[in-house]
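Structure first, commentary second.
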């Protein structure tokens, strides 16, 4: 250094300095003088150095602050990206689970379809068997209907024959009542009143069974006669029998009920 500070020696200010090979001797404090120009130059040099270093430190601080701000921004951006990635991963995980469930459902359906496909031949055979049975049943029903129609036609022919014969010889007349009933009107039954009308109505139901009602006058044993008609299907015989019953009911004829006179 160009000069020695006054307190450079640790033994200054009244203390003594020892020198090797030299006895103890009190040193006098050195005196130095610095001009104002030199002091100003040194001060200016120090100020320039300090100012330069302060500016450098300020620039470095600004760089550090900018770097810190950038790092904080990057950290915030990275955090946001991390959240977005976590959310996307969560959604993808949910989608993957949903896809797995869908795939499992499809696999189950395929397995069920495979089982059903294996059962198709047996089901087809069973359906064909049922169809064959139904076809046979239908054929039986059709045959029964044909037979009933034939029976109905035979009964209609029988009625026509009876009508023709009894209209001529027994004074029998037929009158259609409604769509399915036939009214039989018999005359020449009561000798005392040949034009007196004896009648009844007859019809055949869906099962080809005869029914007789509105018999005038009422005839005892009519239900048994109708039952016999359904057994024999002989309508002409039935008409003859009913006519005979009508004749027996006429007062004064053999077998007729007695006439009761008032006293």
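Numbering (the working numbering), first residue to last: -11 to 251.
Backbone N, C-alpha and C define an ideal beta-carbon position, used for all residues, glycine too.
Neighbour-count burial assignment, residue i, 16 or more Cβ in a 10 Å radius
| i | result |
| --- | --- |
| residue 131 | exposed |
| residue -8 | Note that residue -8 has pLDDT 49, beneath the 50 cutoff, so the model's placement of it is unreliable and the number below is only indicative. Exposed, because fewer than 16 other Cβ atoms sit within 10 Å of the Cβ of residue -8. |
| residue 139 | exposed |
| residue 120 | exposed |
| residue 31 | exposed |
| residue 126 | exposed |
| residue 233 | buried |
| residue 95 | exposed |
| residue 134 | exposed |
| residue 220 | exposed |
| residue 34 | exposed |
| residue 129 | exposed |
| residue 177 | buried |
Run of the beta strand (DSSP E) containing residue i, from where it starts to where it stops
| i | result |
| --- | --- |
| residue 189 | 186 to 192 |
| residue 199 | 198 to 204 |
| residue 173 | 169 to 174 |
Close-in-space but distant-in-sequence residues of the same chain around residue i (CB under 8 angstroms, 5 per side omitted)
| i | result |
| --- | --- |
| residue 201 | 188 and 189 |
| residue 142 | 221 |
| residue 168 | 191 and 192 |
| residue 196 | 136, 139, 140 and 143 |
Same chain, Cβ closer than 7 angstroms to residue i, five either side skipped, listed in chain order
| i | result |
| --- | --- |
| residue 198 | 190, 192, 214, 217 and 218 |
Identity of the residue in the options nearest residue i by Cα
| i | options | result |
| --- | --- | --- |
| residue 231 | 165, 161 and 136 | 161 |
| residue 179 | 152, 100 and 240 | 240 |
| residue 181 | 79, 238, 169 and 141 | 238 |
| residue 146 | 224, 36, 48 and 55 | 224 |
| residue 227 | 148, 196 and 184 | 148 |
| residue 205 | 196, 212 and 236 | 236 |
Beta-carbon proximity list for residue i, same chain, < 6 angstroms, skipping 5 on both sides
| i | result |
| --- | --- |
| residue 174 | 160, 186 and 231 |
| residue 163 | 171 |
Residue i: first and last residue of the uninterrupted alpha helix (DSSP H) it sits in
| i | result |
| --- | --- |
| residue 163 | That residue, residue 163, is in no alpha helix (DSSP H); its beta strand (DSSP E) goes 160 to 165. |
| residue 219 | 210 to 220 |
Residue i at chain D interface by Cβ criterion, 7 angstroms
| i | result |
| --- | --- |
| residue 148 | Among the chains in the structure shown there is no chain D, since it carries only a single protein chain. |
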